[in-house]
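Here you go:
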């Protein structure tokens with residue numbers, strides 16, 4: 004009797020272990036989900052100065068924004084400021100790098116961005132430094148800017164002065180650094196981080212070129228030539244083989260379709276391009292966005 008019960012006991016024990024593992028897995032999943040839900044969300048980037056605490060007046064925000072805009076116009080680099088009540092349950096370092104990864108302040112492949120994150124209720128702040136600025140603004144220097152420039156004003160309750168003087172100190176550190184010209188962002192970052200900026204003109208060029216080449220070489224040969232030209236152009240702009248191949252295929256299909264629809268290149272006929280025939284889909288400006296800058300965790304944190 005005892006011998007016959009042992010396999011049953013083993014089976015029962017295995018079932019119990021599987022059930023315990025399932026319950027433990029569900030519990031860990033719920034805990035992870037709860038922790039993720041508790042994370043403070045990263046706000047959408049709309050301006051150089053984002054104040055979620057209502058600390059700064061509109062005039063103060065506008066003055067700070069104008070200073071940062073003028074610096075970006077002159078140097079090409081970007082500095083952004085974020086005030087929020089708290090980063091808990093995360094540390095300010097964990098939250099700040101999430102902000103950096105989401106906002107992508109600075110230019111692509113130059114990585115010349117700086118973010119000042121201020122957690123007002125936590126009495127903590129951090130200067131997050133882009134990879135390209137880890138030389139001119141090493142961690143020890145960023146720490147001094149916090150301790151000697153920003154924190155004394157915060158201790159006196161003057162957040163605007165602390166931010167303004169902190170920005171001025173960062174600009175002085177960056178100003179002597181040799182960097183690519185400000186228009187580098189338009190050449191490099193737009194293709195990496197704003198595909199919509201290239202989509203509209205590329206689509207227009209594809210349709211016009213496809214119609215023109217189809218007229219010269221025939222529908223199929225013209226579409227193939229269009230796909231090849233657009234693919235090469237995409238490769239030159241993005242340096243991404245997959246993107247270039249995709250652009251070539253899409254251009255071929257668009258050119259093939261435009262050839263079938265009988266679009267004519269030039270002229271005033273109904274098949275040509277009139278003044279109201281195309282409307283671009285790009286942004287019309289007035290906002291602010293990061294340029295694709297990368298961050299590697301460099302910077303410094305402090306308290307007041």
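In the numbering used here, the protein residues as written are 4 to 307.
From the three backbone atoms N, C-alpha and C, an ideal C-beta is built for every residue, glycine too.
Predicted model, so just to flag it, every value in this text is computed and none were measured.
The shortest C-alpha to C-alpha distance from residue 94 to any of 76, 209, 121 is the one to 121.
Cβ neighbours of residue 99 within its own chain (closer than 6 Å, five residues either side excluded): 120, 129, 131. The Cβ atoms of residue 90 and residue 43 lie closer than 8 Å to each other.
Between the C-alpha atoms of residue 253 and residue 224 there is a straight-line separation of about 15 Å.
The Cβ atoms of residue 127 and residue 304 sit closer than 8 Å to each other. Between the segment 60-75 and the segment 156-176, the count of C-beta pairs closer than 8 Å reaches three or more; the two stretches touch. The residues 305, in chain order, have a CB closer than 7 Å to that of residue 150 in the same chain once the five nearest residues on each side in sequence are set aside. Straight across, the Cα-Cα distance linking residue 60 with residue 66 is about 10 Å. Of 250, 152, 207, the smallest CA-CA separation from residue 227 is found for 250.
Cβ atoms of residue 294 and residue 107 come within 8 Å of each other, at about 7 Å. Per DSSP, reduced to three states, the secondary structure at residue 112 is coil, with no helix or strand assignment.
Taking the C-beta atoms as reference points, residue 135 is found no nearer than 8 Å to residue 165. The three-state reading of DSSP puts residue 124 in coil, since its state is none of H, G, I, E or B.
In its chain, beyond the 5 residues on either side, no residue has a beta carbon closer than 6 Å to the beta carbon of residue 178. The Cβ neighbour count for residue 86, taken over all protein chains shown within 10 Å, is at least 16; the residue is labelled buried. In this structure, the CA atom of residue 64 is about 10 Å from the CA atom of residue 167. Judged by DSSP in its simplified three-state form, residue 140 adopts coil rather than helix or strand.
Looking at the backbone, the Cα of residue 230 and that of residue 255 are separated by about 4 Å. DSSP links residue 247 through a beta bridge to no other residue.
Between residue 50 and the set 118, 257, 101, 97, the nearest pair of CA atoms involves 118. In this structure, residue 56 places its C-beta atom within 8 Å of the C-beta atom of residue 123. The beta-bridge partner set that DSSP reports for residue 52 consists of 84. In the DSSP assignment, residue 129 is bridged to 120, 304.
From the listed residues 259, 140, 245, the smallest Cα separation to residue 212 is found for 259. Distance between residue 82 and residue 152, taken at the CA atoms: about 17 Å. Excluding the 5 residues flanking it on each side, residue 206 has same chain C-beta neighbours closer than 8 Å at 257, in chain order.
Considering only 302, 297, 237, 307, the residue with the shortest C-alpha distance to residue 104 is 297. According to the DSSP secondary-structure assignment, residue 157 is paired through a beta bridge with no residue. At a Cβ-Cβ threshold of 8 Å, residue 307 and residue 176 do not count as neighbours.
Going by C-alpha positions, residue 162 is about 14 Å away from residue 62.
For the pair residue 138 and residue 116, the CB atoms are not nearer than the 8 Å cut-off.
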